[in-house]
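Shown next, in structure tokens, is the structure this report addresses.
Residue numbers (this note's numbering), protein chains in the order written: chain D, 1 to 171; chain F, 1001 to 1094.
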């Protein structure tokens, strides 16, 4: 089935998102159900790679149709941007939920999207997350971005474990 | 003329050589965007439409106040102002 908002090519970026951050987004989406919830992704954007360091919730200004629309409060954008700059980070994208609906971008999502941001969608029912996909705009269509769990940085102890010979050489 | 700092959102930094902030001297928001556009080719087109109006889904804030509730592109820029270009983030399920 073709979808008017999605191009078949993959996005040129991967979204690195730690499992605990993904769980946090799923929990917020579930708590907000049956309303749409939204927020920001803060981290670092590099060539072919977006790393999410933290996630934030934002107010949905669309109260009349909160079950199928969202409008992220720009005051929350400005606050998250200020905090991000303090930590040498930036706003790399946004997330919102699709209550009782798949995590595929709608034509309304397409209209408002900017190139250069990740748009993560959480499909959610009253029982929890059902669907989780990230999208990036290229021209007039979204392409899917691979979501990868962020690898934990190896600790000194783990490195020693991987290289026992080094330990043995110590007199 | 006021001296202001314009904060550039990540996707538009391709037009500013990666800079997240650009200093500008201007009296109104419209002038700020014109000066920005002159020094950074392609940037103004992302913010203004063909008729020079603020695009849908782009908001400009002067010291945290949306120019749409001030005087639009005629809004005054106080000395030392911080001007934020902010995407309007919106949508919803099909």
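C-beta: ideal position from N, C-alpha, C; glycine also.
Not one beta carbon of chain D lies nearer than 8 angstroms to the beta carbon of residue 1079(F). With distances taken between CA atoms, residue 1082(F) lies nearest to 1062(F) out of 1074(F), 1024(F), 1056(F), 1062(F).
The segment 12-78 of chain D is shown to contain whole beta strand (DSSP E) runs of 3 or more residues at 38-46, 49-58, in chain order.
According to the DSSP assignment, residue 1017(F) belongs to no alpha helix (DSSP H), since it is labelled neither H nor E. Rounded to the nearest whole angstrom, the C-alpha separation of residue 1084(F) and residue 22(D) is 29 angstroms.
Annotated as proximal: residue 60(D) and residue 71(D), with beta-carbon spacing under 8 angstroms. It is roughly 15 angstroms from the alpha-carbon of residue 9(D) to the alpha-carbon of residue 115(D). Residue state for residue 116(D) is assigned as coil, using DSSP reduced to three classes.
In this structure, the straight-line span from the alpha carbon of residue 43(D) to that of residue 94(D) is close to 11 angstroms. Look at the beta carbons and you see the segment 80-93 of chain D not touching the segment 101-108 of chain D: under three pairs across the two are nearer than 8 angstroms. Note on residue 68(D): 16 or more other CB atoms within 10 angstroms of its CB, so buried under the neighbour-count rule.
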